[in-house]
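Heads up: the structure comes next, in structure tokens.
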Amino acid sequence: MSYKKGGVDMETTLTIRLSEEMKKSLNDLCQSERKGLSELVRDSLENHLAVKRFRQLRSKSLPFAEASGFLTDEDVFEGLT
5 MSYKKGGVDM ETTLTIRLSE EMKKSLNDLC QSERKGLSEL VRDSLENHLA
55 VKRFRQLRSK SLPFAEASGF LTDEDVFEGL T
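What follows is the structure, given as structure tokens:
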């Protein structure tokens, strides 16, 4: 049996070990967000991976931005307006 999310087959199962405290926190969050555990964990992993990719890209592009005089958010804003 496979699960589809956004038209993509979800066929891989991942088993992880959790403390009882984390398990309870996840279950509480599932109830408050009205999501299943798998969906909540998948969403959390997707968000975590997106943040990691953003930080990697930022660290690679930062030297080029600094060389162009973009040191702060204000510098970027002024450069775009």
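Under the numbering used here, residues 5 to 85 are what the sequence shown spells out, in order. Where is the CB? At the ideal position from N, CA and C, for every residue including glycine. Just so it is clear, the structure is predicted and the values come from calculations on it, not from any experiment.
Element boundaries [alpha helix (DSSP H), containing residue i]
i: Gly83; result: Asp77 to Leu84
i: Phe68; result: Leu41 to Ala71
i: Ser29; result: Glu24 to Glu37
Inter-residue CB distance, residue i and residue j (contact presumed, cutoff 8 Å)
i: Leu33; j: Leu44; result: 6 Å
Proximity to residue i [Cα-Cα], best of the options
i: Arg62; options: Thr19, Thr76 and Leu49; result: Thr76
i: Leu30; options: Asp47, Met14, Thr16 and Thr17; result: Asp47
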